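Asker:
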Amino acid sequence: MIASVIIGIAIFGYASFALVKFINKSKKGKCAACDLKNSCSSQCGMPPNVK
Amino acid sequence: MEIALIGNPNTGKTSLFNNLTGSYEYVGNWSGVTVEKKVGVFKNNIGQLIDLPGVYTLNPLSKDEGVVTSFFLNESVDRLLNILDASQLERNLHLTLQLLEFEKPTLIGLNMMDVANKRGIQIDASKLSNALGVPVVPVVARSGKGCDKLVDVIATKSIKPAKKNLVYYGKEVEEAIIALTGELMGKTNHSARFLAIQYFEGNEYVKNYVNSIADSKKLHAIMGNLESKLLKENNIKSLANFIYIKRKEVIEEIVAEVAKKSDSIIPLSEKIDSIVTNRFLGMPIFLLLMYLMFMLTFDWLGTPLSDALDAFLTGPVTFGFEKVLSAVNASEFIHALIIEGLVAGVGGVLVFVPQIFILFFFISLLEDSGYMARVALVMDRIMESVGLNGKAFIPMMIGFGCNVPGIMAARTIETPRERLLTILLTPLMSCSARLPVYALFVGAFFAGHKAFVVLSLYVLGIVVALILAKIFSTTLLKSETSLFVIELPPYRLPQLQSLWRSTWDKGKGFVRKAGTFIFAGSVFIWILSYAGPNGLKVDMDHSYLAAIGNVIAPIFDPIGFGTWQASASLITGFLAKEAIISTMNIIYFVPNDASLQGLLADYYTPLAAYSFMVFILLYIPCLATVATIYKETGSKKWTAFSMIYAFAIAYVLSLIIYQGGKLFGLV
Chain A
0 MIASVIIGIA IFGYASFALV KFINKSKKGK CAACDLKNSC SSQCGMPPNV K
Chain B
0 MEIALIGNPN TGKTSLFNNL TGSYEYVGNW SGVTVEKKVG VFKNNIGQLI DLPGVYTLNP
60 LSKDEGVVTS FFLNESVDRL LNILDASQLE RNLHLTLQLL EFEKPTLIGL NMMDVANKRG
120 IQIDASKLSN ALGVPVVPVV ARSGKGCDKL VDVIATKSIK PAKKNLVYYG KEVEEAIIAL
180 TGELMGKTNH SARFLAIQYF EGNEYVKNYV NSIADSKKLH AIMGNLESKL LKENNIKSLA
240 NFIYIKRKEV IEEIVAEVAK KSDSIIPLSE KIDSIVTNRF LGMPIFLLLM YLMFMLTFDW
300 LGTPLSDALD AFLTGPVTFG FEKVLSAVNA SEFIHALIIE GLVAGVGGVL VFVPQIFILF
360 FFISLLEDSG YMARVALVMD RIMESVGLNG KAFIPMMIGF GCNVPGIMAA RTIETPRERL
420 LTILLTPLMS CSARLPVYAL FVGAFFAGHK AFVVLSLYVL GIVVALILAK IFSTTLLKSE
480 TSLFVIELPP YRLPQLQSLW RSTWDKGKGF VRKAGTFIFA GSVFIWILSY AGPNGLKVDM
540 DHSYLAAIGN VIAPIFDPIG FGTWQASASL ITGFLAKEAI ISTMNIIYFV PNDASLQGLL
600 ADYYTPLAAY SFMVFILLYI PCLATVATIY KETGSKKWTA FSMIYAFAIA YVLSLIIYQG
660 GKLFGLV
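Residue numbers (numbering that gives the first Met the number 0), protein chains in the order written: chain A, 0 to 50; chain B, 0 to 666.
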């Protein structure tokens, strides 16, 4: 029973965290929501002074 | 003596500048312009050399190109040094002819003769000099070869153009030029003919200049008369277009006279280009390559891999979870949550990882090899007819991976109107997150023609975008189109390492999303399907999820999938398109051996399945894309428009396909 509670809390805790984080990130749009942001050669991957 | 160095971009101007001058005197910003001009002193002190930004024409397209035109209008210059790329003579001469009309002493440095020779082009410099009426000196700017001679000629020879009026623009234009020069007579030091022609071409800088010195109404009337006369008598788009054509005719004559092209040494790159960018073959070749790509993704390579992964997830992985769950004595609720929620939801999406990576691998291969730049060129012809140009196809191609970077890439487009149009249309490109839906449905209903059906969806996305571009550009977003210039990179054999990197960059987001958002989504969707108004562990048809789905399900009845299951997955699909698949895996949870694909046949007919795929392709941009559209356009109105029109188009097309298909007796 204790195991069930721990697993349940872990799953729901992580799921809530991931969902909120994803929606917040998506809502930001632009680089924040982009899958390529770290390696993007056009905008996001560059240091600010090069942009 | 002040000498201006001018030429097309990438013709070696800066190399020549560095060779002709010992050092930079100063680099300074000019007031009101963003691009700097460089000024240097000739090594032998004969004067100053001014390096101007590279331009294709004196009629500026963008603000930074305007610096050259305003330099011509506002600064005094003694001589022009025009540098030409011998391997691109036709393109370069457009600028040269305009410079000659400026009627300042001009000298031509013919650069890149070595590149031209490699391409089998032999240019006779003395013949070119005769044809243009100005001295032509062959140089190799990179090594400095020929620069001494160039300096000698600049310093000593009188290089006033020998031939006047190189281009005869036809009776009507010439008469209008005379009328307009009459108005300008005595009011300017510049060549009145040059000003008249640039004015007719629509050069805004020249227009402001002549309006400030002469009667703008009279000038406008001359141009209006000329334009209406020409448009009536000739099959042309505009006066500027007419002038361009006349110049082009003269250029073709000159090139035919001075350049000899031997076919024997055409480089491989050009041989390939002559086939893949061919007016008639270009498009079929692109479609064939896409078809092969989908055959590999869905038939030959991808499906066996995905099936193996599926067997692994539904077999050993599920079995392992069950073993652990019973070992820790987990409750029935947790057991169902993990097996029916997480394994089904997340696993259902992970199954498609091999296919996504195979597709990205081939897209990266096409990009790295240099072929994609050719596709933009091939598409340019079609795009132009719908009010866009080939440049707009680049964001769309990026959109095949993910719409968000596609929309960001629209920043490279110059005119605000074309940029907005591209932003609105890029979400119609089928991004990789929609791929699992196609994979699932073609596997279930179109097993014999998987690649063909998926290709039809990708092409449908492009065709709908083109049709809408035409409609929008003639109604909502009217204005002129800009020019498309693309430097074709040489073909090269891609390195395996860079290929892998670029594949991984594109595909890792999909894997990461499975572990974050899809995980979370699966948990909550499962809860909604497990609980209902009557408590927990209800029959799924009486769950909260069914209740939500049932609210909007009737809307989708006419297009073939008015079930709560389809509606519920469409709602989750707005957050991320992959969620459609995880939702379906949870809703249609099938224990053990039976497959989701088999089960789907109970709920969809093949016709309804195709209608559903078309709807998924178009119905709405995902949340991240919507947010990006908002950030990039800065307009709530256009953001709302991008969602509403997409939904309307998707609905109408699905309706036509489903109802039309039924009329033709399809099921």
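Just so it is clear, CB atoms sit at the ideal spot from N, CA and C, and this is done for glycine as well. None of these values were measured; they are calculated from a predicted model.
#1: Please report the residue range of the beta strand (DSSP E) in which R78(B) lies.
#2: Could you spell out the range, first to last residue, of the alpha helix (DSSP H) harbouring G346(B)?
#3: DSSP state of F663(B), grouped into three classes?
#4: Between I554(B) and L434(B), which are expected to be in contact by the criterion C-beta below 8 Å, what is the C-beta distance as a whole number of angstroms?
#5: Residues of chain B with CB under 7 Å from G7(A), in chain order?
#6: Tell me which same chain residues have a C-beta within less than 6 Å of the C-beta of L487(B), skipping the five on either side of it?
#7: Please tell me whether A667(B) has its Cβ less than 8 Å away from any Cβ of chain A.
#8: Just to confirm, is the Cβ distance from F392(B) to M378(B) under 8 Å?
#9: What does the alpha-carbon distance come out to for the pair T276(B) and A258(B)?
#10: Mark Q496(B) as exposed unless 16 or more other C-beta atoms lie within 10 angstroms of its C-beta, in which case mark it buried.
#11: Would V136(B) and V114(B) qualify as a contact pair, given that the criterion is a beta-carbon distance under 8 Å?
#12: Between A450(B) and chain A, is there a C-beta pair that is closer than 8 Å?
#13: When the Cα of P426(B) is compared with those of K170(B), Y629(B), G561(B), which residue comes out closest?
#14: Can you tell me which of the three DSSP states G27(B) falls into?
#15: Under 7 Å Cβ to Cβ from K245(B), same chain only, skipping five residues before and after it: list those, please.
#16: Quick one: what's G531(B) bridged to in DSSP?
#17: Alpha carbons only, please: which of N7(B), V38(B), F444(B), V385(B) is nearest the one belonging to N17(B)?
#18: Please list the partners that T684(B) has in chain A, where partner means a Cβ-to-Cβ separation under 8 Å.
#19: Does chain A have any CB closer than 8 Å to the CB of T33(B)?
#20: Note down, in chain order, each residue of its chain lying with its Cβ closer than 7 Å to the Cβ of I526(B), except the 5 sequence neighbours on either side.
#21: In chain order, what residues of the region 321 to 347 of chain B put their CB closer than 7 Å to some CB of chain A?
#22: Between the alpha carbons of N7(B) and P52(B), how many angstroms are there, rounded?
#23: Give the interface partners of V522(B) over in chain A, defined as CB-CB distance under 7 Å, in chain order.
#24: Name the two residues that bound the continuous beta strand (DSSP E) containing A258(B).
#25: Would you report the Cα separation of I551(B) and L617(B), rounded to the nearest angstrom?
#26: Could you work out which residue in P532(B), I558(B), T296(B), G559(B) is closest to A546(B) when comparing CA atoms only?
#27: Of all the residues that make up the region 603 to 623 of chain B, which are near chain A by a beta-carbon distance shorter than 8 Å?
#28: Does the region 508 to 515 of chain B come close enough to the region 337 to 357 of chain B that 3 or more CB-CB pairs lie under 8 Å?
#29: Which residues of chain A have a Cβ atom closer than 9 Å to the Cβ of A519(B), listed in chain order?
#30: Specify whether the region 359 to 369 of chain B and the region 497 to 504 of chain B touch according to this definition: at least 3 beta carbon pairs, one from each stretch, less than 8 Å apart.
Answerer: This is what the structure holds:
#1: 78 to 84
#2: 343 to 349
#3: coil
#4: Not quite, the Cβ-Cβ distance comes to about 25 Å (not below 8 Å), so this is no contact.
#5: I333
#6: A372
#7: Residue 667(B) falls outside the range modelled here, since chain B spans only 0 to 666, and no answer is possible.
#8: yes
#9: 23 Å
#10: exposed
#11: no
#12: no
#13: Y629(B)
#14: Low confidence applies here, because G27(B) scores a pLDDT of 28, under 50, leaving its location unreliable and the question unanswered by this model.
#15: V166, Y168, G169
#16: G534(B)
#17: V38(B)
#18: No answer is possible for residue 684(B): the residues shown for chain B start at 0 and end at 666.
#19: Model confidence at T33(B) stands at a pLDDT of 29, short of 50, so the residue's coordinates are unreliable; what they give is reported in the following sentence. So no, T33(B) is outside the interface.
#20: none
#21: V327, N328, A329, S330, I333, L336
#22: 8 Å
#23: I10, F11, A14
#24: 258 to 260
#25: 18 Å
#26: P532(B)
#27: C621, L622, A623
#28: yes
#29: Y13, A14, S15, F16, A17, L18, V19, K20, F21
#30: yes
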